[in-house]
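Down below is the structure, laid out as structure tokens.
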Amino acid sequence: MKWLKYLFLLSLITLVLTGCAGSILQSGSPTQKPSPRENIYVAIGASDTVGVGTEHPETESWPARLVELLDHKTRLVNLGFSGITMHEALASELPPALEVHPRLVTIWLAVNDLAEHVSAISYAHDLETMITSLKQAEPQITIAVANVPDLTLLPRFRTTDRKALMQQISAYNSAIKAITTRQQVILVDLYQRWSEIKQHPEYISADGFHPSAAGYKRLARIFYQTLQEKRVQGRESNDWRWTESATVTSIRKASSVQTAR
Numbered sequence: 001m002k003w004l005k006y007l008f009l010l011s012l013i014t015l016v017l018t019g020c021a022g023s024i025l026q027s028g029s030p031t032q033k034p035s036p037r038e039n040i041y042v043a044i045g046a047s048d049t050v051g052v053g054t055e056h057p058e059t060e061s062w063p064a065r066l067v068e069l070l071d072h073k074t075r076l077v078n079l080g081f082s083g084i085t086m087h088e089a090l091a092s093e094l095p096p097a098l099e100v101h102p103r104l105v106t107i108w109l110a111v112n113d114l115a116e117h118v119s120a121i122s123y124a125h126d127l128e129t130m131i132t133s134l135k136q137a138e139p140q141i142t143i144a145v146a147n148v149p150d151l152t153l154l155p156r157f158r159t160t161d162r163k164a165l166m167q168q169i170s171a172y173n174s175a176i177k178a179i180t181t182r183q184q185v186i187l188v189d190l191y192q193r194w195s196e197i198k199q200h201p202e203y204i205s206a207d208g209f210h211p212s213a214a215g216y217k218r219l220a221r222i223f224y225q226t227l228q229e230k231r232v233q234g235r236e237s238n239d240w241r242w243t244e245s246a247t248v249t250s251i252r253k254a255s256s257v258q259t260a261r
């Protein structure tokens, strides 16, 4: 039921307002205010951001893998929630993201909107609202937005009308590209770069939709390589000015580790 999801998301916001701490934080864990020296990376998204499809989502999700690549003392606040749409995330994921004053935000949140037949125009409005809000709050923020991969390559969509699905994907990706260009934020082109799953079926989990642990590791590398190309560097470069070792804060309810709608 949706009201249960909103109740949890309200609790999630409260946790972030109180402060996030520890290597991995789940609901019910003790909280502690983050150090002012910490560099915060916030991951906004749905089940793929949660890490659905792995045995250990807290450590095997692509944001958890990405933070391992980012240089020095980086705190990941993973706000991913299975089944959520962009419009819902404006009310539930954006506020806690703003509260922790991130230096880096990744947004990969589109497939649930597409599956629920949200128009590309409505989706684009919500995405732009989110990006604008983040930039206004944190002018020096780095934002990376991923587009929609080629879903026709996934086993889950083998019986779907391919032409209609491709039209939806194209409309969404055109909107995402226009917004990232206009807002001068980073586009992570998963439509092109994640097409390698054709040669790597092991990147997809048994549900035929979500990535596997190996797939998430590869996704993290794609995000990282894109950030490098845009001069956002990590452990493999001396240019990224973070401090000391990376840690992970994952704020999520166990029941959110489920398949998307």
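At position 170 of the sequence shown (counting the first as 1) the number is 170 in the UniProt record's numbering, and the numbers step up by one without a gap.
Glycine included, C-beta positions come from ideal geometry on N, C-alpha and C.
Quick caveat, the model's predicted, so the values are computed rather than measured.
- By alpha-carbon distance to ASP48, the top candidate from VAL105, LEU94, PHE81, VAL118 is PHE81.
- Of the residues assessed, LYS163 falls on the exposed side of the cut-off, its CB having fewer than 16 other CB atoms within 10 angstroms.
- PRO155 and GLU196 have their C-alpha atoms some 14 angstroms from each other.
- Residues of the same chain with a CB within less than 7 angstroms of the CB of ALA214, apart from the 5 flanking positions on each side, are GLU202, TYR203 in chain order.
- In the three-state reduction of the DSSP assignment, GLY215 falls in the helix class, which pools H, G and I.
- Residue nearest to GLU58 within the set TYR216, LEU98, THR159 is TYR216 (criterion: CA-CA distance).
- Distance between THR142 and ARG182, taken at the CA atoms: about 15 angstroms.
- Relative to the Cα of GLN184, the nearest Cα in the group ASN112, LYS73, VAL67, THR132 belongs to THR132.
- CA-CA distance, SER122 to HIS87, rounds to 9 angstroms.
- In the assembly as shown, GLN168 is a buried residue. Its beta-carbon has 16 or more other beta-carbons within 10 Å.
- Between the alpha carbons of PRO96 and VAL50 lies a gap of roughly 16 angstroms.
- Along the region 169 to 214, the alpha helix (DSSP H) occurs as fully enclosed runs of 4 or more residues at 190 to 193, listed in sequence order.
- In the three-state reduction of the DSSP assignment, THR129 falls in the helix class, which pools H, G and I.
- Under the three-state reduction of DSSP output, ALA46 falls in the coil class, being neither helix nor strand.
- Residue state for ASN112 is assigned as helix, using DSSP reduced to three classes.
- Burial check for PRO102: the Cβ neighbour count within 10 Å reaches 16 or more, so the residue is buried.
- The DSSP-derived three-state label of THR142 is strand.
- Per DSSP, the unbroken beta strand (DSSP E) holding ARG75 starts and ends at 74 to 78.
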